[in-house]
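Take a look at the structure below.
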Amino acid sequence: MENNSNILSNPQEFINYLNQESQKVLEMYSTAGSEDMFKQFTQSWTELATRSFEDPTVWVRAITDYQQAQMNLWQNILTGKSAETPVAQPQKGDRRFAAEEWSQNPVFSYIKQSYLLSSNLLNEMASNANLSDNEQKKLEFYTQQYIDAMSPTNFAVTNPEVLQQALETKGQSLIDGLQNLLGDVDKGRITMSDDTAFTLGENIATTAGSVIFENEMLQLIQYKPTTEQVFSRPTLIVPPCINKFYILDLQEHNSYVKYCVDQGQTVFLVSWVNPTVEQRELSWDDYVENGTLKAIDAVKKITQSEKINTVSWCIGGTIMASTLAVMAKRKDESVASSTFLTTLTDFTDPGDLSVFIDEQQVKELTQKVDDEGLLNGRNLATAFNMLRSNDLVWSFVVNNYLKGKSPAPFDILYWNGDSTNLPAKMYNFYINEMYINNKLAEPGGLTICGESIDLRDIKIPVYFLSTIDDHIAPWKGTFCSTETMQGKIEFVLGASGHVAGVINPASKNRRNYWTGGELGQGADHWLETAERQEGSWWPNWAKWLKPKAGKKVDAPKGFGNAEFKVVEPAPGRYVSARVD
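Heads up, the sequence shown is in my numbering, so the first residue is 107 and it goes up one at a time.
Written out as structure tokens, the structure reads:
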């Protein structure tokens, strides 16, 4: 930072500098793939403006309403009635304007309401654009991104809480915020949790176990039993290769892995490699042939069980579905049942991610990934964070940089910041053949590991867990799998979103889920006929799995066997490799 002492001696200069530096981070976090948010916003609005000349009534009505509301706002401000009769209110759940000053102070009340009126104007015009479905989604998404970025809460001089804290601390909060900002610029990401609060294997990812196999794709972890007897048929967990497996093994009270172990299951888990540029040629076939198939074979040999049960999540589930289809072609019946957590196999509706996924954007992104050899985990995390930008970007900009506070320890957000890369060959296949071309859902649409696969060949019992507020794998999209796979299907819909809906520990018994809907007539009909159940879905799943888990046998005394010897204690080396 140049002229540090001069800036610190002049509060206004310091605030201006802080705003400028904050804007750099805002812009860094306002990118999606290869296109800048503001560029997308401008392009979308240019197209909207061009079309509006054909029918200007939307513009005229919206602007007239906006002008009238602004006049009412000024009248309320001048008569002192701004707090009693606001012309614009934040939406329910919007915590940005919770401070009393936003309502009681006439200046900040005006700033807030004027911003909300402008936001409503932009959103109304965007929602009435009458573009193609894909362009309409992009326009509405980038309009909301622009609105969120321009909130007065995001800038020091228009946020009363920031100004009050700077006054109370005699400017120390601003100095602390600048240090937080500079630290995050070096990291290339916003700190969302106290990075010093968690250490893998010590207070997170602590379920006892050992790595008993590894290759260039994965480490395979076997967990130590906690019961004297275990079910004879083991459980293999295949997590996403986007982010890391320990979302399933956070702390003792919310560890899905420990819950499975405590139910008497013999649990194995795949810890995917965090690939480097040198592994750019790893393919989808590699993730199946040298990934899941190798893990299945190892688990069978270690437990001497002819069949196993599998659990997989998100892209891990997509890999597992590919694996099961390959196994079906090879007449391999090693998997007795399979559980899919928030997994897409039909990509007709990719949810909010669709704003990043069209042929032009994907073409540019895949070229970039080819050039660099991998999809950088930071870029992927940015795209996911943008889907909940107020919660996962701007709230931390305000807290960390403008208020100078350090984020509290939060295991899920710590995990969220621990990104992983994806190898170029695998990622470009995934994004093109599944998201763009939707070939996995097509019989014979893909050849994987030398097999022309068809998901309809999967005829084992399947448990699907989806979540009603999932913005990454929308539940109606995941429901399509129930109409593709041919075995006995159990579909369960959990409350909340992609992560919180899955990590819903039975010990807390929070939220709710739906079961028992009528299959075969679409997602809406299923929900209409389903019954709401209170609490966690975990016990429901455990009850479903129990009759498929085999008889009870004495728990093994050690890990692995003569062929698969202990490599190192869990959680292993692979999960410790960071993008930073």
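We put the beta carbon where it would ideally sit given N, CA and C, even for glycine.
Whole-number beta carbon distance between residue j and residue i, since they are thought to touch under 8 Å
i	j	result
Ala676	Thr313	7 Å
Pro611	Trp644	7 Å
Thr472	Ile537	7 Å
Ala404	Phe319	5 Å
Val373	Ile343	7 Å
Lys582	Asp455	6 Å
Cys366	Thr341	6 Å
Leu428	Thr449	First, the amino acid is wrong: residue 428 is Ser here, not Leu. At roughly 11 Å, the Cβ-Cβ gap does not stay under 8 Å, so Ser428 and Thr449 are not in contact.
Asn522	Leu480	No, Asn522 and Leu480 are not in contact; Cβ-Cβ is about 20 Å, not under 8 Å.
Leu388	Tyr352	With a Cβ gap of about 22 Å, Leu388 and Tyr352 do not count as contacting.
Asp464	His577	Not confirmed; about 18 Å, so no contact.
Ser299	Tyr520	4 Å
Leu324	Trp378	5 Å
Asp563	Arg684	Contact doesn't hold; Cβ gap of about 39 Å is too wide.
Proximity to residue i [Cα-Cα], best of the options
i	options	result
Thr590	His604, Leu447, Lys406, Asp452	Asp452
Leu625	Arg617, Tyr569, Ala668, Ile578	Tyr569
Cys347	Thr332, Lys364, Asp368, Asp392	Asp392
Gln251	Gly289, Gln210, Val499	Val499
Leu223	Ala431, Pro258, Leu245	Pro258
Lys594	Glu557, Lys654, Val605, Lys582	Lys654
Ile414	Val672, Gly483, Gln371, Thr382	Gln371
Gln197	Pro340, Val373, Asp254	Asp254
Gly622	Val608, Gly423, Val598, Ser642	Val598
Ile542	Ser299, Gln467, Val685, Lys407	Gln467
Pro567	Ser316, Asp290, Ser444	Ser444
Ser74	Gln278, Ile310, Val672	Within the shown structure, residues of the chain are numbered from 107 to 686, placing residue 74 beyond reach of any answer.
Gly277	Phe502, Leu399, Leu508	Leu508
His631	Val673, Ser642, Phe585	Phe585
Lys565	Lys350, Asn505, Ile408, Asp438	Asp438
Glu322	Ser495, Leu287, Val376, Tyr520	Val376
Pro529	Thr488, Glu478, Ala489, Met492	Glu478
Ala579	Phe490, Leu288, Leu227, Glu637	Phe490
Lys763	Trp390, Leu288, Gly678	In the structure as shown, the chain begins at 107 and stops at 686. Residue 763 is therefore absent and cannot be evaluated.
Ser230	Glu246, Gln219, Tyr216, Tyr221	Residue identity check: residue 230 is Glu in the sequence provided, not Ser. Cα-wise, what sits closest to Glu230 is Glu246.
Val503	Val317, Leu546, Gly289	Gly289
Buried versus exposed call for residue i [16 or more other C-beta atoms within 10 Å across all chains shown]
i	result
Asn534	buried
Asn295	Checking the sequence, you will find Arg at residue 295 rather than Asn. So Arg295 ends up on the buried side.
Val441	buried
Ser136	The predicted position of Ser136 is uncertain, since its pLDDT is 42 and thus under 50; no value can be drawn from it.
Ala138	Note that Ala138 scores a pLDDT of 36, beneath 50, so its modelled location is shaky; the value from the coordinates is reported in the next line. Flag for Ala138 reads buried.
Asn67	This structure leaves residue 67 out entirely; the chain is present only between 107 and 686.
Gln210	exposed
Pro549	exposed
Asn109	Residue placement at Asn109 is poorly supported in this model, since its pLDDT is 42, which falls under 50; the coordinates are not used for a value here.
Gln385	buried
Gly664	exposed
Glu596	buried
Ala668	exposed
Ser587	buried
Ser558	exposed
Leu132	For Leu132, the predicted model reports a pLDDT of 48, less than 50, meaning its position is unreliable and no value from the coordinates is stated.
Thr424	buried
Glu674	exposed
Gln369	buried
Gly199	exposed
Ser128	With a pLDDT of 48 at Ser128, under the threshold of 50, the modelled position of that residue is not reliable, and the figure given next carries that caveat. Buried.
Gly600	buried
Lys671	exposed
Ser411	buried
Arg202	buried
Leu124	Confidence at Leu124 is low in this model, with a pLDDT of 46, below 50, so the placement of that residue is unreliable and no value is reported for it.
Leu486	buried
Inset, instruction - Only counting runs of 4 or more residues, tell me where the alpha helix (DSSP H) segments fall wholly within the region 533-597, in order along the chain. - result: Here the runs fully enclosed are 581-584.
Legend entry - Cβ pair count under 8 Å reaching 3, the region 228-243 against the region 268-286: No, because fewer than three Cβ pairs between the region 228-243 and the region 268-286 fall closer than 8 Å, the two stretches do not touch.
Legend entry - Length at least 3, wholly inside the region 420-453: the beta strand (DSSP E) runs in chain order: Counting only runs of 3+ residues, the beta strand (DSSP E) found wholly inside the region 420-453 occupies 441-447, in chain order.
Inset, instruction - Would you check if there are 3 or more beta carbon pairs closer than 8 Å linking the region 380-395 to the region 421-435? - result: Look at the beta carbons and you see the region 380-395 touching the region 421-435: at least three pairs across the two are nearer than 8 Å.
Legend entry - Any 3 or more C-beta pairs closer than 8 Å across the region 343-360 and the region 648-668: No, the region 343-360 does not touch the region 648-668.
Inset, instruction - Evaluate the contact criterion for the region 511-527 versus the region 318-338: three or more CB pairs, one atom per stretch, below 8 Å. - result: Touching, no.
Legend entry - Cβ contact (3+ pairs, closer than 8 Å) linking the region 605-620 and the region 570-583: Short answer: they touch.
Legend entry - Inside the region 621-654 only - beta strand (DSSP E) runs reaching at least 3 residues: Along the length of the region 621-654, whole beta strand (DSSP E) runs at least 3 residues long occupy 637-640, reported in chain order.
Inset, instruction - Note down, one range per segment and in chain order, each alpha helix (DSSP H) of at least 4 residues found wholly within the region 322-385. - result: Counting only unbroken stretches of 4 or more residues, the alpha helix (DSSP H) elements lying wholly within the region 322-385 are 362-368, in sequence order.
Legend entry - Every unbroken beta strand (DSSP E) inside the region 267-310 [3 residues or more]: If we require 3 residues or more, the region 267-310 turns out to have no beta strand (DSSP E) run fully inside it.
Legend entry - Uninterrupted alpha helix (DSSP H) stretches inside the region 499-536 (no shorter than 4 residues): Along the length of the region 499-536, whole alpha helix (DSSP H) runs at least 4 residues long occupy 517-522, 530-535, reported in chain order.
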